[in-house]
Amino acid sequence: MINVGDLRPGITFQYDGNLYIVLEYSHNKTARAAANIKVKMKNMRTGSTTEITFGNSEKVARAHIEKRKMQYLYDNGGMLVFMDNETYDQIEIPADRLVWEQNFMKASDEVEVTSFEGEILGVSLPVNVPFTVTETEPAIKGDTAQGATKLAKIETGYEIRVPLFISEGEIVLVNTTDGKYVGRA
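Note that the sequence shown covers residues 25 to 209 in the working numbering.
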């Protein structure tokens with residue numbers, strides 16, 4: 025058990041039969057009232073975000089999340105297949121659980137598969153991933169008033185906004201948390 029006063033962003037815990045990760049934490053103390061702790065947390069199974077206020081003396085169960093490096097192999101018609109780099113065991117994860125992550129995964133990419141007591145929760149991608157630009161709009165001359173951008177399609181089919189000087193065939197870095205252009209690779 026862990027005291028709620030010890031929660032910090034990134035810590036995983038169990039509460040009411042669900043598995044959560046702390047996104048934000050604040051400790052509030054007013055005059056004579058008892059201190060309370062407000063926690064913004066994400067359900068690791070459903071992805072929903074909630075805020076809850078705990079009393080200062082409450083406790084929650086710590087959850088130990090296992091992370092294994094695996095290689096993304098292919099999409100097997102609605103199931104994404106991953107292979108363990110050490111044991112060569114293969115697992116399948118339903119594609120509908122990894123909709124956002126699919127925008128940034130290419131065959132043979134290495135990812136971290138997260139699990140809790142044998143239950144697979146999802147995958148963690150590296151923050152910045154290089155991609156080749158496969159399609160882009162031509163730059164319009166004179167359209168440079170305020171950091172002008174144009175649409176570009178990367179090799180997974182995902183579209184991002186890039187500066188006008190980026191052309192087809194260039195390799196760019198994309199942030200996997202917000203899906204935005206970071207820079208050239």
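Beta carbons are placed, not taken as given, at the ideal position from N, Cα and C, and that holds for glycine.
>> Just verifying my parser: in three-state terms, what is the DSSP assignment at E99?
In response: Per the sequence shown, the amino acid found at residue 99 is Asp instead of Glu. D99: strand per DSSP, three-state reduction.
>> According to DSSP, is G207 part of a helix, a strand, or is it coil?
In response: strand
> Are K15 and L97 touching if we call contact CB-CB under 8 Å?
Replying inline: The structure shown does not extend to residue 15, since the chain spans only 25 to 209, so no value can be given for it.
> Using a Cβ-Cβ cut-off of 8 Å (strictly less than) and excluding sequence neighbours within five positions of A58, which residues of its own chain qualify?
Replying inline: G79 and N80
> DSSP on A119, reduced to helix/strand/coil?
Replying inline: helix
>> DSSP has L175 in a bridge; who is on the other side?
In response: R185
> Where does E125 fall in DSSP's three states?
Replying inline: helix
> With distances taken from CA atoms, which of N27, I190, K130 and V157 is nearest A172?
Replying inline: I190
> Can you tell which of E125, E110 and K83 has its C-alpha closest to the C-alpha of D99?
Replying inline: E125
>> Our contact map puts M6 next to L145 with C-beta atoms below 8 Å; I'd like the distance itself, whole angstroms only.
In response: Limits of the chain in this structure are 25 at one end and 209 at the other, which puts residue 6 out of reach.
>> Assuming L157 and V196 are in contact, meaning their beta carbons sit under 8 Å apart, how far apart are those beta carbons, in whole angstroms?
In response: As written in the sequence, residue 157 is Val, which differs from the Leu given in the question. At roughly 6 Å, the Cβ-Cβ gap stays under 8 Å, so V157 and V196 are in contact.
> For V28, does the three-state DSSP call read helix, strand or coil?
Replying inline: helix
> Buried or exposed: L175, going by 16 or more other Cβ atoms within 10 Å of its Cβ?
Replying inline: exposed
>> Can you list, in chain order, the residues of its chain with a C-beta nearer than 8 Å to that of M25? Leave out the 5 residues immediately preceding and following it.
In response: K83, V84, A85 and R86
> Can you tell which of Y44, G101, E183 and D133 has the C-alpha that lies nearest to the C-alpha of E75?
Replying inline: Y44
> Could you check where the beta strand (DSSP E) with A57 kicks off and where it finishes?
Replying inline: Element bounds for A57: n/a, residue is neither H nor E.
> Going by the CB atoms, is the gap between F128 and I117 shorter than 8 Å?
Replying inline: no
>> Taking 8 Å as the threshold (C-beta atoms), are K130 and E192 in contact?
In response: no
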